[in-house]
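Below: one structure, written as structure tokens.
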Amino acid sequence: LDNKRHVLVTSQAGGCAGMCVDLTLFPLDTIKTRLQSQQGFNKAGGFRGIYAGVPSAAVGSFPNAAAFFVTYECTKSLLGAGGPLAAPHVAPVTHMLAASLGEIVACLIRVPTEVVKQRTQASPSSTTYQMLLATLREEGVRGLYRGYRSTVLREVGFIRTFFPLFLTLFLTPQGHTLYSWQAAVCGAFAGAVAAFVTTPLDVAKTRIMLAKAGTATASGNIPLVLYDVWKSRGLTGLFAGSIPRMTFISVGGFIFLGTYEKVRRVLL
């Protein structure tokens, strides 16, 4: 019962914290999407309609974060219950595997809301509802899952970069764990580095989601999309939106941690 309650509290706190981050820092996300879009920042809307697509983020944010935490906590418990992954020295591997599986499950909720959100951000003259109907009319439910593979690849790539870096920073040379504010700083720094490293995958994901149905980009071939971006815009194109993405993840880490702890304390 205690374990079930822990998972429930964790998922609710994580859901609230995730929603708080997504809605507070939404303008940064819009700027990032428009910088990465094929038509370019100004044609995608520039700084106009900076909250375009926010209803999609609001609807998907809580269940997406909750799904991640439920999967993460349950996988971590199962992996740590016995066998070779229960040993303390392989705890980072357990965390990475649990987080990766958590992202794969969460993306089942995240990707449809992300598709609608990003298309609305890049076409601010349309509403979220109009974009949802247009996507379903043209491509059906399958269209809502365009970019699923690239999103999962981006998230797993982020985790594989973030966790080792965070643990290297988090554990001091003396082996003493840092204070919570120091851990938050380490998390923000590790998050910013991981965000920068995985930006090309984020660019590919955005291009795939925004591409017109039937085009080569819409087929979801990640290497092909990255090669096209490299050919047309070079290294700058591959790292488009890296500054707002790094800021979103660093600042978002602080907001998330604060909200998560507050909600968790209230629920407990």
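When we follow the numbering used here, the leftmost residue of the sequence shown carries the number 953, and every step to the right adds one.
For each residue, glycine too, the CB sits at the ideal point set by N, CA and C.
Separation of serine 1202 and threonine 1103 (C-alpha to C-alpha, rounded to the nearest whole angstrom) is 19 Å.
Between tyrosine 1081 and proline 1007, the gap from beta carbon to beta carbon is short of 9 Å.
Taking all protein chains shown into account, proline 1064 has 16 or more neighbouring C-beta atoms within 10 Å of its C-beta and is therefore buried. Within the segment 1057 to 1127, the alpha helix (DSSP H) runs of at least 4 residues that lie entirely inside it are, in chain order, 1080 to 1091, 1093 to 1096, 1100 to 1122. Taking the CA atoms as reference points, leucine 975 sits about 14 Å from threonine 1199.
Per the C-alpha coordinates, the member of Ala1192, Arg1101, Trp1182 positioned closest to threonine 1151 is Ala1192. Here the alpha carbon of alanine 1009 sits roughly 10 Å from the alpha carbon of aspartate 981.
Straight-line measurement puts the Cα of serine 1194 at about 36 Å from the Cα of glycine 1032. Exposed is the label assigned to glycine 1166, since fewer than 16 other Cβ atoms lie within 10 Å of its Cβ.
Annotation for glycine 967: Phe1014, Ala1017, Ala1018 place their beta carbon closer than 6 Å to its own, counting only its chain and skipping 5 residues before and after. Note on geometry: alpha-carbon atoms of tyrosine 1179 and alanine 1146 lie some 21 Å from one another. At least 9 Å separates the beta-carbon of threonine 1072 from that of glycine 992. Leucine 1088 and serine 963 have their C-alpha atoms roughly 30 Å apart. With respect to threonine 1027, leucine 1053 sits close: the two C-beta atoms are nearer than 9 Å.
Per DSSP, alanine 1039 is not a residue of any alpha helix (DSSP H), being assigned neither H nor E. Within the same chain, and ignoring the five residues on either side of threonine 1188 in sequence, no residue has its Cβ closer than 6 Å to its Cβ.
Shown here, serine 1008 sits in a helix according to DSSP, grouped into three states.
Inclusion of valine 973 and phenylalanine 1208 in the CB contact set at 9 Å is warranted, their separation being smaller than that value. Unbroken alpha helix (DSSP H) runs of no fewer than 4 residues, entirely contained in the segment 1156 to 1208, are found at 1174 to 1190, following chain order.
Contact check for isoleucine 1174 against alanine 1156 passes: the beta carbons are separated by less than 9 Å. In the same chain as histidine 1047, and ignoring 5 residues on each side of it, the C-beta atoms closer than 8 Å to its own belong to Lys1028, Phe1115, in chain order. Selection Glu1107, Glu1213, Ala1058, Asn994 evaluated against serine 1075 yields Asn994 as nearest (Cα-Cα). Cβ-Cβ separation between arginine 1197 and valine 1177: approximately 17 Å, too far for a contact (criterion under 8 Å).
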